[in-house]
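Each residue of the sequence shown is one higher than the one before, starting from 79 at the first, in my numbering.
Idealized CB from N, CA, C, for every residue including glycine.
Bear in mind the structure is a predicted one, so any value in this text is a computation, not a measurement.
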Amino acid sequence: GLATEEALRHFVGARPAVALERPSARYEAALQSAPERRKVGFPNLVRSSPLALELTWNCQGLCVARCATCWHVRGRSLR
């Protein structure tokens with residue numbers, strides 16, 4: 079997890095806005111909008127790819143011009 083100081087520093091450094099601005103609300107929004115296959119192991123996904131916390135929308139292929147926060151568009155690049 080984020081138990082070590084080094085891991086926490088890496089996480090905050092990777093996405094400072096996500097980690098410091100309403101982190102609980104962002105986490106919940108990202109989790110709720112994530113595709114079902116991404117919800118399993120979501121904490122691990124966030125640890126390895128903090129970008130996941132920026133993805134708070136899921137158009138499911140029906141674009142509504144929210145691509146910057148969309149799982150369908152940007153979620154493909156996550157490990």
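For Cys-145, the secondary structure class from DSSP, reduced to helix, strand or coil, is helix. Its Cα nearest to that of Arg-93, the residue Arg-125 stands out among Arg-125, Cys-148, Gln-110.
C-alpha of Asn-136 to C-alpha of Val-96: approximately 18 Å in a straight line.
The beta carbon of Leu-109 lies closer than 7 Å to those of Lys-117, Phe-120 in the same chain, with the five residues before and after it left out. In this structure Ala-130 is buried. Its beta-carbon is surrounded by 16 or more other beta-carbon atoms within 10 angstroms.
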